[in-house]
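Presented below is the structure to which this report refers.
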Amino acid sequence: MNDSPARRIQDYQVFGEYGEVNPSISDGATFTFMSAEKMTQLFSEEVEGCFLYSRHLNPMDYVLSEALAKMEGTENGQVMGSGMGAITSVFTQICSCGDEIVSSRTIYGGTYAFLKNFFPKFGVNTNFVNITDLEAVENAITDKTKMIFCESISNPMLEIANLPELRKIADKHGLQLVVDNTFSPMMIPAHDLGAHIVVYSLTKFANGMNDAVAGAVLGSHDFIASLRSVNDGAAMLLGPVLDPIRASMIMKNLHTLHVRFKKHSENAMYIAENLEKLGIKVFYPGLPSHPDHELVKTLMNPRYGFGGMITLDLKEQDISIKAMEQMQIEKVGYFAVSLGFYKTLFSSPGSSTSSEIPEEEQAAMGMTPGLMRFSVGLDDDIEESFSRIKRSLKFAGVI
Ligand SMILES: *Cc1c(COP(=O)(O)O)cnc(C)c1O
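The opening position of the sequence shown corresponds to residue 0 in numbering that gives the first Met the number 0, with each subsequent residue numbered one higher.
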């Protein structure tokens with residue numbers, strides 16, 4: 000194996016200002032110019048190694064952006080203050096009043112709310128489709144459509160987007176394919192598979208510590224330069240800048256992402272297989288019973304497994320909540336939203352992360368009030384964790 004996302008990060012060597020083994024954190028909101036010409040030049044074009052103002056770009060954000068671009072295999076990248084900052088910057092950069100978006104209907108609740116409730120205020124409307132139905136995707140495209148948006152692994156139903164086929168549709172109609180790869184960094188090479196632009200919430204697996212909120216946009220040099228433009232760039236003008244101290248922390252955690260991700264996948268596979276054996280309805284892309292199991296095998300990088308997310312359908316909400324409260328008492332993990340953490344997190348998507356999605360649309364997506372979403376942690380003794388989950392499910396009357 001000569002090339003992998005983790006190998007490309009490993010080979011990205013950055014010395015600190017005094018030769019430290021970690022890049023130096025830049026502690027300046029603004030930067031000095033050695034001459035007036037340099038200042039004029041920097042306001043009109045990007046000059047390698049030169050910075051003008053920290054909201055535009057700062058050295059630590061630059062380093063983290065480069066590392067992420069190497070991971071994804073894109074020309075360039077721009078880190079942001081949050082995943083939503085990354086997603087909304089891309090949407091607002093690409094779309095103008097009157098344009099349309101074709102989006103998967105199974106997306107993160109915040110993204111859904113932005114497209115459904117916020118963006119129409121600026122004259123940009125979205126057609127939501129079942130992203131696994133390629134015919135429906137193509138039928139939703141009009142002459143006003145500018146982009147197709149989806150998540151590689153959807154939230155919370157864990158459907159897999161057929162990125163190569165979506166790219167063909169995008170090319171046929173001259174659209175941008177924008178993919179949120181938050182659930183599957185390294186596992187699904189979204190850019191290699193066809194995404195023009197890949198966005199991340201780094202808050203989740205990429206950082207993995209649940210101590211920071213951050214995001215990233217990865218794409219071509221031209222697109223990233225347009226985001227940073229002092230005249231009309233969304234990243235520059237809307238201001239979702241990432242603090243360099245946080246960027247430094249995330250950079251260090253990025254170096255262990257491949258190790259963590261494999262362990263998340265290994266533990267999730269164990270939990271998913273054993274829950275399914277108990278007769279519970281389990282959605283996990285690694286299980287042959289998952290509708291997209293064969294598809295994901297053709298898309299994924301097998302080194303990293305099938306990911307750390309599992310969704311269960313326990314039919315009724317009060318049962319699911321009772322089980323989650325008990326799992327917290329049993330120290331399986333925390334009853335909390337978010338994901339990609341070293342501890343297991345569990346939540347009920349219908350009343351939390353997907354609550355922005357109206358009930359009838361939740362039903363159309365296959366969501367029931369009894370859904371329980373697991374982000375499986377890095378537990379050393381996963382057999383013990385499973386026996387605690389089993390006890391909690393018994394306590395709640397599921398089994
Ligand atoms: C959490 C999440 C986001 C939003 O990211 P923030 O960092 O919380 O702004 C976007 N997409 C997906 C898939 C997420 O899980």
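From the three backbone atoms N, C-alpha and C, an ideal C-beta is built for every residue, glycine too. In this text the structure is predicted, and so the values were computed from the model without any measurement.
Within this structure, are the beta carbons of G72 and D191 separated by less than 8 Å?
yes
Can you say whether E158 is buried or exposed, counting buried as having 16 or more other CB atoms within 10 angstroms of its CB?
buried
Under 7 Å Cβ to Cβ from M432, same chain only, skipping five residues before and after it: list those, please.
Examination of residue 432 is not possible in this model, given that the chain is present from 0 through 398 alone.
Using DSSP's beta-bridge definition, name the partner residues of Y333.
L344
Give the straight-line distance between the Cα atoms of M323 and R387, rounded to the nearest whole angstrom.
Take the alpha-carbon of M323 and the one of R387: they are about 11 Å apart.
Across the segment 336 to 350 and the segment 367 to 385, are there enough close Cβ pairs to call them in contact, namely three or more that are closer than 8 Å?
yes
Report the CB separation of R245 from M235 in whole angstroms; it is logged as a contact under 8 Å.
With a Cβ gap of about 19 Å, R245 and M235 do not count as contacting.
Specify the secondary structure class of G27 as computed by DSSP and reduced to three states.
Correct three-state label for G27: coil.
Rounded C-beta distance between P417 and M250? I'm assuming under 8 Å.
Residue 417 is absent from the model: the chain starts at 0 and stops at 398.
Compute the minimum distance between the beta carbon of L114 and the heavy atoms of ligand 1, and state whether it is under 7 Å.
no
State yes or no: is the C-beta of L217 nearer than 7 Å to some heavy atom of ligand 1?
no
According to DSSP, is V78 helix, strand or coil?
strand
Taking 8 Å as the threshold, find out whether the segment 295 to 314 comes into contact with the segment 256 to 267 through three or more Cβ pairs.
yes
For the segment 195 to 215 against the segment 61 to 77, are there 3 or more C-beta pairs whose distance is under 8 Å?
yes
Does the Cβ-Cβ distance between P184 and L256 come in under 8 Å?
Cβ distance < 8 Å, so P184 and L256 count as in contact.
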